[in-house]
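Asker: I have a structure I would like to understand better, so I am pasting it below and will then ask my questions one at a time.
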Amino acid sequence: MDIKMVNLTKIFTSKNRKEVQAVSHVDLTIPSGKLIGLLGPSGCGKSTTLYLIAGLLKQNEGQIFFGEDEVSEMPPEKRGIGLVFQNYALYPHFTVRENILFPLQNLHVPKEEAKQRTFEMAKLVGLEEMLDRKPKELSGGQQQRVAIARALVKKPRVLLLDEPLSNLDARLRLQTREEIKRIQRETGITTVFVTHDQEEAMSISDEIVVMKDGVIQQMGQPQDVYDHPVNLFVAKFLGSPQINVFDGVIEAGKVLIDGMAVGATELPDQKVVIGIRPEGLQVDKTALSPFKFEIDLVETIGRDTTLIIEVTSEESTLLDKKTFKAIVDAENRIRPKDVIHFVVKPEKMHIFGLDGKHL
Amino acid sequence: METKNNWKAWLYLAPMLLLMSVFTFYPLINAFIISFYKGYRPLQNSIEGFTLLGNYLLILRNPLFWNAMKNTFVIAFISVPVSIFLSLAIAVGLKSIPKLNKFFQTVFFLPYVTNSIAVGMAFAVMFHKNYGLINAILERLGFAGRIDWIGGTSSWWTQMVALLIFTVWESLAFKILVFTSGMQNIDKQYYDAAKIDSASKWTVFRRITVPLLSPIILYISITSMIGALKAYNSVIGLFGVKLGNPSNSMITIVAFVYKYRAELASPGYYSYAAASAIILFIITVIFSLIQGAVSKKRVHY
């Protein structure tokens, strides 16, 4: 069952009566049975959107539909959602069993059936051995899975996860995100999860939705969004290390950074902002390319080498930062102080207007 | 290093220990000693000898003491649970009206800062047979026969009901305050989670609020049980020094202690007071121990 949001708006009023549009006229359809990552920096409105879907917050404007069913005015308990909170919100005085059983008791599911379903859920998340423990006797990852089981046991129409991995350590995070993917696949439930970690979102989502300042920037399959960002914000937000951004100009079909040609285009002459993914900078072995820099730092990690170039000049065309990065094959054996000529892979270069829109 | 720290610890504790020695430990030990005196005359400071259990046995054979025990226990066992339940309900209610919360918190706290003797007198007027508010309300509701709650023709029952209403009302304030602040410490996410889990308001109260508040409920039940066992002001306030109708029918253990302590001229009475105070002390300790033991099983965390 898909989730449709129409013109959804949420305004918070702060203490000094300033109004903030946390979610601003969002139109979004989340396809049925998919795992969707809502992604954005903190304060972008992604959690607010999630809580609006859940019904724990009420929109100021707009509508929400679950399939054909409008839920905009429904209280959360009527919407048929499962929600996993950021810090899980497991009831500390209940055992794992009681935690999972709690929603079923409230829905007056017959005892035997409730018992059966609780056990099945515990099995799905791999905790059937831990049913009699209290939450504080479990690890963070296990608590997370109890929270998922509690959310899923009542067979909700939609599963919502608020920063599901942020309270876990790095290793557990990898493990748990695969676990979430597996559980979502097995149950086939429409799932929305919120995260500020682009890598996390890209690795498990069927589609990602990038938000900024309460406005949806772009939605699509992770690789598509990465390859075709609609604006500079999306380009910068996705990818690690971050995309390198330069001031540039287009002159007679040539893309120039600091007067050095880095590519060709059919765009008319104008000032532009040029983004080049670190992996889009390749070493030009012929040394003919005019795009050359002295390397300051070299980090080799396994198959890749990251070249770090410091830009010291006052009139630098590099935007935002003092360094930019190139990821090249380790076989190049580059040392600091080497002067390297780069060629730019055209598909890894993005040209933006001065307003940040992709041209 | 360690000895130095010890020395400092004692230094910091000294003022408190000094005050407690003078006003708590010394009187307690002294009461113990006095309870073993025979024919003690406090004004002359003379005794006729010692007795181990004589004073205690005399008290236990005194019907007035048993009357005091009965009244005290009725007050403790009825007013404490009733007031805990009511104050919990009020605290939960206050939580659901965030706008008027502050105002009502003040209103409910007023009884705590007013003098219980004065309030008791106000209640005595309210319970008056002919001019009282209570009978006026009952009449409006259709109960024709005026009840003499605490007057010359009142029974033990009506007086006890009046006393219990007064005691509960008086003890609500502090409990509401503590429960309200206790509830503010419960993570709001549990309530959001309960909403998502389709829990009814009653289920939320019974299965989430109360268990998560259980350490505070235990604290309140111990302190108010001890407070109720020491009931005195409310009796004096409501019934005056006659302590009910007929005299002494509403007597409590503390009132019993005070009654005998006041008879300075009669030899030995002072020792009865001391002995009954010790009995009250022992009862209080036993209650605290029982509640502590119960809490290990029932209180979460």
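Taken in sequence, the protein lines are chains A and B. Read in this note's numbering, the first sequence has 282 at position 282, and its numbers run on one by one without any break. Read in this note's numbering, the second sequence has 1234 at position 234, and its numbers run on one by one without any break. For each residue, glycine too, the CB sits at the ideal point set by N, CA and C. The structure displayed is predicted, hence computed values, not measured ones.
#1: Have a look at A:Q282 and A:T265 and give me their C-alpha separation to the nearest angstrom.
#2: Does A:L107 have its Cβ less than 8 Å from a Cβ in chain B?
#3: Tell me whether B:M1001 is buried or exposed, calling it buried when 16 or more other Cβ atoms sit within 10 Å of its Cβ.
#4: Name the DSSP beta bridge partners of A:D69, please?
#5: Check A:M211 in the structure and name its three-state DSSP category.
#6: When the Cα of B:I1196 is compared with those of A:L152, A:G220, A:L165, A:S139, which residue comes out closest?
#7: Taking all protein chains shown into account, decide if B:L1013 is buried (16 or more other Cβ within 10 angstroms of its Cβ) or exposed.
#8: Where does the unbroken beta strand (DSSP E) through A:A261 begin, and where does it stop?
#9: Taking B:P1211 as the query, report the chain A residues whose CB atoms sit under 7 Å from its CB, ordered along the chain.
#10: Under 8 Å, Cβ to Cβ, is there at least one residue of chain A near B:K1296?
#11: Return yes when the C-beta of B:M1126 is under 7 Å from any heavy atom of the ligand FAD, and no when it is not.
#12: Can you check which of these residues, A:L172, A:Q86, A:V230, A:E251, is closest to A:L161 by C-alpha distance?
#13: Which residues of the segment 45-60 of chain A have a Cβ closer than 9 Å to any Cβ of chain B? Give them in chain order.
#14: Just the chain A side, please: which residues come within less than 7 Å of B:K1070 by C-beta, in chain order?
#15: Please state the DSSP three-state secondary structure of A:K357.
#16: Does chain A have any CB closer than 8 Å to the CB of B:I1196?
#17: What is the DSSP secondary structure of A:G40, counted as helix, strand or coil?
#18: Report the option in A:L256, A:L297, A:K271, A:L318 whose CA atom is closest to the CA atom of A:S289.
#19: Of all Cβ atoms in chain A, is any one closer than 8 Å to the Cβ of B:I1350?
#20: Mind listing which residues of the segment 1276-1296 of chain B have their C-beta closer than 9 Å to chain A's C-betas, in chain order?
#21: Assess, as a yes-or-no matter, whether the segment 175-186 of chain A is touched by the segment 144-158 of chain A under the definition of 3 or more beta carbon pairs within less than 8 Å.
#22: Using only the alpha-carbon positions, how far apart do A:D169 and A:Q175 sit?
#23: Consult DSSP for A:N87 and reduce its assignment to one of helix, strand or coil.
#24: Looking at A:M211: is its Cβ nearer than 8 Å to the Cβ of A:G45?
#25: Keeping to the same chain, check which residues put their C-beta closer than 8 Å to that of A:Y362; ignore five residues upstream and five downstream.
#26: In whole angstroms, what separates the C-alpha of A:E19 from that of A:I11?
#27: Of the residues A:L50, A:K4, A:T29, A:F352, which one's Cα is nearest the Cα of A:A22?
#28: Show which residues of chain B have a CB atom less than 7 Å away from the CB atom of A:L83.
#29: Helix, strand or coil: how does DSSP classify B:R1041 here?
#30: What are the start and end residues of the alpha helix (DSSP H) that includes B:A1199?
#31: Using alpha carbons as the reference points, say which of B:I1165, B:F1179, B:F1023 lies closest to B:S1087.
#32: Between the alpha carbons of A:P229 and A:V209, how many angstroms are there, rounded?
#33: Below 6 Å CB to CB, which residues in the same chain sit around B:V1204 once its five sequence neighbours on both sides are set aside?
#34: Verify the CB distance criterion: does A:E331 have a CB-CB separation below 8 Å to chain B?
#35: Starting from the C-beta of A:L319, find all residues in its chain whose C-beta is less than 8 Å away, skip the five residues before and the five after it, and write them out in chain order.
#36: Per DSSP, what are the beta-bridge partners of A:D401 in this structure?
Answerer: With the given structure in hand:
#1: Each residue's alpha carbon lies about 19 Å from the other.
#2: So, interface residue.
#3: Because the pLDDT at B:M1001 is just 49, under 50, the model does not fix this residue reliably, and the value given afterwards should be weighed accordingly. Counting Cβ neighbours within 10 Å, B:M1001 comes out exposed, since fewer than 16 surround it.
#4: A:F66
#5: Note: A:M211 maps to strand in three-state DSSP.
#6: A:L152
#7: Flag for B:L1013 reads exposed.
#8: 260-264
#9: H93
#10: Closer than 8 Å to the CB of B:K1296 there is not a single CB belonging to chain A.
#11: Here there are no bound small molecules, and the ligand FAD is not part of this structure.
#12: A:Q86
#13: Y51, A54, G55, L56
#14: Neighbours of B:K1070 on chain A: none; closest Cβ ~37 Å, over 7 Å.
#15: strand
#16: Taking a beta-carbon distance threshold of 8 Å, B:I1196 counts as an interface residue toward chain A.
#17: In this structure, A:G40 counts as coil in the three-state DSSP scheme.
#18: A:L256
#19: No answer is possible for residue 1350 of chain B: it lies beyond the span of chain B, which begins at 1001 and ends at 1301.
#20: none
#21: yes
#22: 10 Å
#23: coil
#24: yes
#25: The displayed coordinates of chain A run from 1 to 359. Any statement about residue 362 of chain A would go beyond what the structure contains.
#26: 6 Å
#27: A:A22 has its Cα closest to that of A:L50, out of A:L50, A:K4, A:T29, A:F352.
#28: What A:L83 touches in chain B: I1196.
#29: strand
#30: First-last for B:A1199: undefined, no H or E at that position.
#31: B:F1179
#32: 12 Å
#33: Closer than 6 Å at Cβ, skipping near neighbours: A1194.
#34: no
#35: V245, F246, D247, V273
#36: The displayed coordinates of chain A run from 1 to 359. Any statement about residue 401 of chain A would go beyond what the structure contains.
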